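Visitor: Take a look at this one; I'll ask things after.
Numbering (the numbering used here), first residue to last: 14 to 202.
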């Protein structure tokens, strides 16, 4: 609706949208009972609204071959491409040693409390209300179900803990087959 509805000054036709990928993402969200509920009564770009909606479904908007779609954060098993020193250069690796909070104070509009502003505290493993002292605030736009808020809070805690590495490299354009979000294999000395 954001891409094709009446609120869009330049609505897109079906051939500009990756309907198959969006349907797959919709099915995944239905399976996980994920919803985006937000009243948009403020000025924002189409991309900003799409980013908020996609984030609620653990994805991000993308444009591949001129078609709007999403890149999902989900497990993949088959690499699309293999990079080695023969087809890449300028490899860099970095590991972030962050001081993780004991929990998140997640602010959201609670559908079970009459659509009022609410806060849910999501603790990291090993912490509870008596042991946690270090918190960070997390705002999850469009999430209104307290259970979904808890799951997303745990997801963000796990992401901070389990994804501390950043790897980057360069390659010439003629060596690129993969697109953003694809699983790749990388071999380097």
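A virtual CB, placed ideally from N, CA and C, is assigned to each residue, including glycine.
Just so you know, these numbers come straight off a predicted model, no measurement behind them.
Quick one: Cα of residue 109 to Cα of residue 136, how far?
Guide: 21 Å
Visitor: Pull up the CB-CB distance for residue 184 and residue 104, whole angstroms please, since I reckon it's below 8 Å.
Guide: Here residue 184 is actually not in contact with residue 104; their C-beta atoms are around 10 Å apart, not less than 8 Å.
Visitor: Can you grab the Cα-Cα spacing for the pair residue 170 / residue 121, in whole Å?
Guide: 17 Å
Visitor: Classify residue 84 as helix, strand or coil using the three-state DSSP reduction.
Guide: strand
Visitor: Quick one: what does DSSP say residue 125 is sitting in, helix, strand or coil?
Guide: helix
Visitor: Apart from the five residues just before and just after residue 131, which ones in its own chain have a Cβ nearer than 8 Å to its Cβ?
Guide: 120, 121, 122, 123 and 159
Visitor: If you draw a straight line from the alpha carbon of residue 201 to that of residue 24, how long is it in whole angstroms?
Guide: 45 Å
Visitor: Helix, strand or coil for residue 39, going by three-state DSSP, please let me know.
Guide: The answer is helix: DSSP assigns residue 39 an H, G or I state.
Visitor: Count the other C-beta atoms from every protein chain shown that fall within 10 angstroms of the C-beta of residue 128, then say buried if there are 16 or more, exposed otherwise.
Guide: Using a 10 angstroms sphere on the CB of residue 128, the tally of other CB atoms stays under 16, which defines it as exposed.
Visitor: Just to confirm before moving on: does the CB-CB distance between residue 115 and residue 147 stay below 9 Å?
Guide: yes
Visitor: Could you spell out where the beta strand (DSSP E) holding residue 150 opens and where it closes?
Guide: 148-152
Visitor: Within its chain, find whatever has a CB closer than 6 Å to the CB of residue 195; leave out the 5 residues flanking it on each side and keep chain order.
Guide: 93
Visitor: To which residues of the same chain is residue 178 closer than 6 Å at the C-beta, ignoring the five residues directly before and after it?
Guide: Taken in chain order, the residues that qualify are 108.
Visitor: Count the other CB atoms, across all protein chains shown, that sit within 10 Å of the CB of residue 99; report buried if there are 16 or more and exposed otherwise.
Guide: exposed
Visitor: Could you check where the alpha helix (DSSP H) with residue 65 kicks off and where it finishes?
Guide: Annotation for residue 65: the continuous alpha helix (DSSP H) segment containing it runs 59-69.
Visitor: Run through DSSP, which three-state label would residue 22 get?
Guide: coil
Visitor: Tell me the start and end of each unbroken alpha helix (DSSP H) in the region 151-189 that is at least 4 residues and wholly inside, in chain order.
Guide: 159-175
Visitor: My guess is that residue 51 and residue 65 are in contact by the Cβ rule of under 8 Å, so how many angstroms apart are they, rounded?
Guide: About 7 Å; that satisfies the 8 Å criterion.
Visitor: With DSSP run on the structure shown, which of helix, strand or coil describes residue 29?
Guide: helix
Visitor: Taking 9 Å as the threshold (C-beta atoms), are residue 83 and residue 73 in contact?
Guide: yes
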